[in-house]
Structures are given as C-alpha cells and as structure tokens.
Amino acid sequence: MKKSMMVCAMLIACMGGGMLAGCGGGNNDNDNDNNDSSFDLPDAPAGTIISGENQAIVAGDFQLKFVKNGDGYGISLVDSTAQEMFKNDTPAMLNVRGPATTLLGSFSESSYSASYSKIAEKDFGYLCSTTVSTKSGSKVFVEDAYYLTGGTLALSRRTEVKSAKKEDVGFQTVYSFLDPAGSKSYNDFEYFIPAIIYKDTNDMTGNAIGAGLNVDKMYVKETRTGLPLAMLRSKATKNSLAIAHLNPKISVNGELGGGYNGAVNNKLQYGSIGYTIKQGVSVDFCYPSAEGPITYDNGAGWSKIYHTFEAGTVQEYGISIVPSKEETFADTLTATYQKAYMAEKPAVTDQIDIDDIYDYNIEIFNDNYKEFGSGAIKAAGVPWTILLATGEPEAYTFQMGFVGQQTSVAHHLLTAGYQNNDPQMIEKGKTIVNFWTSPSIMRDKVPVVWWDPSDNESAGASRGYPSFLRCFVDGMDGVLDSYRIAQANGEDMTVWKDAVLKVADFLVTNQNQDGSYYRAYETNGSVCTRTDDNRYQGTSKLNTPVAVRFLVRIYELTGEEKYKEAALKAIDFSYNNLYLNKEKFVGGTPDNPNTVDKEASIYGMYCFNAAYMLTNDAKYLKAAEYAAACAMSWVYAYDFACPASSVNAAINPFSEEGRVIGFSLIATGHSAADNFSAYMYYEMFKLYIFTGNEFYLDAARLLQNNTKLSTDYNGKMGWKYRALGPEASNVCDFSYGTVGVWLPWSGNANIEPIANMRNTFGNGDIDALNMDLSALRAALNAYGAGGKLIEK
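Here's what the structure looks like:
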C-alpha cells in the first residue's frame, strides 16, 4: 500500500478542555504486511466462499464483498439482489491520543483509517491485513479474519503496534460500517442498543445516554448493555446491520472504577458501541471504550480510555456482523437479537439446584414474617428490606405488588405450608391475604396498594400512594394464586375470590373507550392527576399491557365473557399502539419515570403470550416474540468481574468470579441492575413450546439458572440466608455500588416461575422435564394462563 486514505483528524480535548479540529497525515506502508497470524477459526461451509475477482463470503441472503479501492480493498455488504447495504472503504481505523496539552490533563485525539493492503482466501473465509501509519510515523498492523459462526458473519481482529513515536501516547481501534448513501441525518435511521435505545429517542428521559442523536457521535460503554450490540436500520431501504462484541473477554484486572477519562492502561479491556452521525451515519465498535457525549459517570462530555502506544502492544477481539432486511423495526430487532444471542451462546451455569432455590426463599419469607395491630385485622407480611450485611430486617412497610409483592409471598407460604403440612406457615399466608382483602384495603373502588403498619387498632394506615395499575394487578395476581392453592386444598376462601373479582370488575367497567387503562388511579376510581412526582404520570395509557394476563386469568376462573372482552380490547390497544406504532414498551416500573424499561417489555411478553393462548392468533405470537427479544436484551448475556471498594466488598457477589451473567439492567436513564429477569423463564419457555425455536429454550435455561448467581446460592458470601441477593446495583462502572438490601420482589422473582413450572409440567427445572414438544404443549393448554382451578 502506498499512500493512506486518511480521515480528517478530530482533535478532542477532554477533562475540562475545549474542542479542537485538525487533519492528520501519514503513510500506510506495507513493511509489516507479511505477518500471517494463526486464527483458530471454523472452516467455512461449502459454497460460502466466493473466489476470483468477486471475492466474498456468503451468509444466507447476504454477502460480504471485498472491493478494490485504489491500491487496496474495502468491504461492502450486499443483499440477495446485489444492492449495497453498508460499506467501509477503509476498515482499519484508529483513534490516537496525544500527550497532555494542559496542566489539567486535556489531550488531543487524531483519527486515522486505511484500506486493506492484502486479502487472502483461507479455509475459514478471508484474512485481510494492512498497516496504519500516524502523522508522527508510528505504525500499527491490523489483521481481520472474516468467517462464519452459526450462519452469522463474524470478524476476529488482531492489532499490533509495530513502531511508536513519543507523540502517540495511546490508541483505540474502531470497526465500523457506513450508510452507502452518505446520509448525515439521524432522522433517516432507527436504532437499537440493548438497555440504551429502542428505535428512537421517544419516551426517554433527557439525561439518558442515547436520548439525543443530533450529535457527531454517540457511544456507550458496552457493560451498560445486556448484549454489546448496536444496530442501525435505514428507514428508506429497510436495510439493517448490527455489530456485536463476540464472546467479550471483559476485564479491568481489579482496577477499581475501570479507569479515568484519558487513561492509557492495557489492564482496561472493555469496549463501547454506538454511532457516528454528522460525519456520515455509521454503526461502530470502539476498543477500548469511548463514551459520550453523555455519560452516567461524568455527565456531559466524553470519557475515553486507551491502550499504550508502544511497540508490541496487541489487541484481540471478535465481532458478530448481523445484516437484516425486514419489513418493520420490530421484526428486525427480533431477528437480529436472536441471531446475535445464538452466535454469543452464553454459558448456562450447572451450579443451581432449583428445588433448593425454592426452599431458600421460603425460609426467608417464613423467618421474617411479622404481624402488626391490636385489633381483629392484622397487617402482616415480610419486611420491605433486609440488610445483606447482617441478614436483619431494616424496615417493615407493605406493598401488595410491585416491590413489596406481599400477596405473592402469601401464596408461596400457603403452597409450602400445604405441601409440608405446616399449619403455622399456612396461617401466615392466610393472615397476609386476609389483610389485603379486608375493608381497610378494599373499601373503595380500587385497593390501597401501600400500607405502613403499626401496633394500633387499625394496624397502621395507608401511605396515600397512588394505586398504580402495576401495583394492584400484581397484588390481585397474588390473591388469585392464593385462592387457587387454598381451593385445591379444600378451603373455599370466598372473601379472597370476591376481592379479585371486584378489581376485575373495576377494569371491565372503567376501561377507556380505546381499550386502554391509565397508569395510576386514586382509590375512588378516578385517574391520578398528581404532578408532585414526575414518576406518577397517572394519565399515561402506555402501561395497559399490565392488565391483560390478569383479565385472561379471571376469564379462565369464571368463564364470564365480559372479562374476555375486556382482555381483547386491552390486547388490541397494546398491539396497535405499542407493538405496531411505538414498537417499544414503556413504563413498567412505578418508581422510575414513565420511560422505556425492562419490566414493561416483560409485561408485554406476559400480555401477548396470554393473548396468543386466548385466541391462537399468530399475530399475537409474533408480538410476544418481539416483547421477549426486548425483555432479553436487558439481561447480561456475558460475564465479567466487578471490583468493589472496601465498603462494599462483603456484599459484592460479582467480585472475583463475575456472576454478572443473568443479572439485568432496569431502565433507560441509568445503569442500575437487578435480578428481575428471574421472573421470565416460565414465559420464555412457553415461547419455546409455541414455536420450537431453540433460542427460547436456551434463553429460558439461562434465565432459570444464571439469575440465581447474584444470590448466596452456594453459601460462599456467608450471608445469613442463601436467598439474599442485592437490589438495584451498579456493576457496569467496575466499582460495585448497591443499596445493600434484599427486597421481597427479588425473592418472588426467583420462585414464582418455579411454582408455575411445577403446576404446569410437574417440575420446576426445564432440564428435568422428559417431555417432547407435543406433550409440553398439551400440558400448557391444560393449565392455561394461570386462572383455572388447580386439580389435586
């Protein structure tokens, strides 16, 4: 290769400096292009390598072509009609950090790129190489091996610094595909980064990473994502391309915090993903990480780390390349996520005994049960928080659903009590449900959802919190489950059934004309219009999917058409407004603003799974698959260790062994993570039964097992209870932070799907089921959506 095809350098001054601009220069000589590193990659399937003048590698309906570009070669991704979808004329790309320019540590950054100088056909596909030179004369050799894995295009990259000048202090490498039409407008595209952005910037808080795309670049640290993947979809052509970090070996080698802005440190081994916008829209992977123009660490401004620009410094990483051409964004996201996940093939732990997990959670519920009140009605339940460090209750306040999950705790105490012939445990469960179906809670049109207990005649008082749809539907789901298990054991708890039907009737008679429900109500049945907290947003209709499964269950319980009709109206609203129109799920968590979040996606999956079981209409199954892909996208599908300061070391389950895999991010606007994804495995397993798609089986197994890794399942943490696990935690920034407590929902998340699996299939462990798909489907049809009375 003779002269380089240089990109104009962008000199960025960080850490308090301004922005400078300039243009780098240099040569890309072929002095070092005779390297031929050994890549241990699978042989390409027959017919997937095209030789001769039109060198390419074929993946299904797509080809990655190597295109002559002056003295070198670029890459071009084409579809089955030979239409170019995305390209890069200079695939070897570097960002180079210069010396500090001020006493405050500001520094310049220059960008360089080059075409491949050589391409060679190999058994696995093609090996491409080039040397990139900087304007100071440093040289970096880049080798890219293109191959297929699981039918998906992939890249294995090895970069080595061959010579270095003192003006070049640190470097990043970038892998990128650009829009061939040259658009520089973010409005021409749709976007997907797991846990960061879904389609567009609507329904995101203003401080969220990705909330503003009218920028030069938007990059996000990969550990803020469930799968390190960025997808770009053209609205005009429907062409889509995702690149994902394949089998990431993420580590900071114990470096607390993962490095400061401008750090040059080879110990820091994590990247970032995102988009270039105003220079020409592209989808990018940057290694090591650059995050900006907003970060959750530093607020506004970029945060960048680099590897040392010294001779012998080597980078190695893999990339999945996932093209798609689907009619809708939803179809594109579903297909792309599934392909990228299956290429990743996350490891499922074999350390979990599901029956033990159930028992550990029953233990914590049973031991920490407490009653309040001097009158006839007792406010009873488990604590709002238990401290991880001591295993002792921190506070008793009761919420029927959502965080508190008191009625579901009661259901599990009843179930275990009946199974073990334990009258005390049965009585505890009954006392909890008796309180939540008492006049103190049910006297008005909508139940009180949050109660502060005390030892007085009334057993405490309502907190006056809005009756969120999510809270009272969760709560009544627990009452319904409690009623069904009591009925199966010969006890007819009519008061419990009456409470459930009262709420169901409210949903029938107060359904909006368009089939929707409001996000939050007052107990008198009016919509909550309070504005003193931006999380309330009671008039929003985007939480409607939350009501659907409950209404379907009530229809199964009663056989009354009014509940089916209300369910169908809510289903159609959810299908038309969230699946077809917004193509995203919003507002599942009352303690976050009404924003895009994980729990909304999960309730979307509940909604459309129930809709499919109710109607057998394939369109709802398709919507359920989209919701499932969205829900899984919040789940860490890779592992890494997270260091902790001495303050949090004793309560950090993610230190040396990692165990992050299976944990899940919560919402856009922050990077807190928790264990809510544990709820999902029963519903994900349903999708395997409906479709036979192995993706759902693999995902269900990971959700069943790996979600328990954040608890003290093996006693290694030395916590008082094996079921303890952390609530909202930060692992992505490599300095473990947590509120340091267990909450009731996390216990329920771990065992509710076990109970559902047992009731439906006779065993809580997927791997213990000796049933083919037809037998599984028959068992699921017999059980239904969870409203039929349980037969003993």
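For what it's worth, this note's numbering labels the leading residue of the sequence shown as 330, then goes sequentially. Glycine residues also receive a C-beta, built at the ideal position from the N, C-alpha and C atoms. It should be emphasised that the depicted structure is a prediction, and the values quoted were computed from it without experimental measurement.
What is the residue span of the beta strand (DSSP E) that residue i lies within?
| i | result |
| --- | --- |
| Phe638 | Run containing Phe638: none; DSSP gives neither H nor E here. |
| Met547 | 546 to 550 |
| Asn424 | 421 to 429 |
| Pro782 | 779 to 782 |
| Leu456 | 455 to 462 |
| Gly758 | No beta strand (DSSP E) holds Gly758; the alpha helix (DSSP H) holding it covers 752 to 765. |
| Tyr892 | No beta strand (DSSP E) contains Tyr892, which is instead part of the alpha helix (DSSP H) from 890 to 903. |
| Arg1106 | Per DSSP, Arg1106 belongs to no beta strand (DSSP E); it is in the alpha helix (DSSP H), 1102 to 1112. |
| Met771 | Careful: Met771 lies outside any beta strand (DSSP E), inside the alpha helix (DSSP H) at 768 to 771. |
| Ser563 | 558 to 563 |
| Glu700 | 699 to 701 |
Which residue comes first and which comes last in the alpha helix (DSSP H) that contains residue i?
| i | result |
| --- | --- |
| Ser737 | 735 to 749 |
| Glu723 | No alpha helix (DSSP H) holds Glu723; the beta strand (DSSP E) holding it covers 722 to 724. |
| Tyr670 | 658 to 673 |
| Thr944 | 927 to 944 |
| Glu496 | Unbroken run through Glu496: none, as it is neither H nor E. |
| Phe1019 | 1010 to 1020 |
| Glu1081 | 1073 to 1090 |
| Met805 | 798 to 817 |
| Val651 | Here Val651 belongs to no alpha helix (DSSP H); instead the beta strand (DSSP E) covers 643 to 654. |
| Arg296 | Residue 296 is absent from the structure shown; the chain starts at 330 and stops at 1121. |
| Tyr884 | 877 to 887 |
Helix, strand or coil for residue i per DSSP?
| i | result |
| --- | --- |
| Ile606 | coil |
| Ala573 | strand |
| Ile686 | helix |
| Gly351 | Unreliable placement is indicated for Gly351, whose pLDDT of 28 sits below 50; the coordinate value is still reported in the next sentence. In the structure shown, Gly351 sits in coil (DSSP, three-state: anything other than H, G, I, E or B). |
| Leu578 | For clarity, residue 578 is Lys in the given sequence; the question names Leu instead. Correct three-state label for Lys578: coil. |
| Leu597 | coil |
| Cys615 | strand |
| Lys1123 | Outside the shown range of the chain, which is 330 to 1121, sits residue 1123, and nothing can be said about it. |
| Asp473 | strand |
| Asn361 | Note that Asn361 has pLDDT 45, beneath the 50 cutoff, so the model's placement of it is unreliable and no number is given. |
| Glu1120 | coil |
| Thr481 | strand |
| Arg487 | strand |
| Asn568 | strand |
| Leu907 | helix |
| Glu519 | strand |
| Asn841 | coil |
| Thr868 | coil |
| Tyr445 | strand |
| Asp827 | helix |
| Thr714 | strand |
| Gly1115 | coil |
| Val832 | helix |
| Asp1027 | helix |
| Lys774 | coil |
| Ile706 | coil |
| Asp1096 | helix |
Round the Cβ separation of residue i and residue j to the nearest angstrom and send it over; I've been treating them as touching at under 8 Å.
| i | j | result |
| --- | --- | --- |
| Tyr847 | Val856 | 5 Å |
| Ser649 | Thr661 | Not quite, the Cβ-Cβ distance comes to about 15 Å (not below 8 Å), so this is no contact. |
| Leu423 | Ser440 | 7 Å |
| Gln816 | Leu558 | At roughly 46 Å, the Cβ-Cβ gap does not stay under 8 Å, so Gln816 and Leu558 are not in contact. |
| Tyr504 | Gly1093 | About 42 Å separates the two Cβ atoms, so there is no contact after all. |
| Ile386 | Leu477 | 7 Å |
| Trp779 | Gln728 | 5 Å |
| Ile525 | Arg553 | 7 Å |
| Ile606 | Leu507 | Incorrect: roughly 11 Å between the Cβ atoms, too far for contact. |
| Gly1069 | Ala718 | 7 Å |
Residues bridged to residue i by DSSP?
| i | result |
| --- | --- |
| Leu1032 | Note: Leu1032 sits in no beta bridge, so no partner. |
| Val503 | Met422, Cys615 |
| Tyr846 | Answer by DSSP bridge pairing: none, since Tyr846 is not bridged. |
| Asp529 | Tyr527 |
| Gln728 | Trp779 |
| Phe992 | Ile990 |
| Ala629 | Ile623 |
| Asn1059 | Gly1066 |
Quick one: is the Cβ of residue i within less than 7 Å of any heavy atom of the ligand SAH?
| i | result |
| --- | --- |
| Gly1066 | The ligand SAH is not part of this structure, which contains no ligands at all. |
Inset, instruction - Starting from the N-terminal side, write out each stretch of the beta strand (DSSP E) that is 3 residues or longer and does not extend beyond the stretch 372 to 417. - result: 385 to 388, 391 to 398, 401 to 407, 413 to 417
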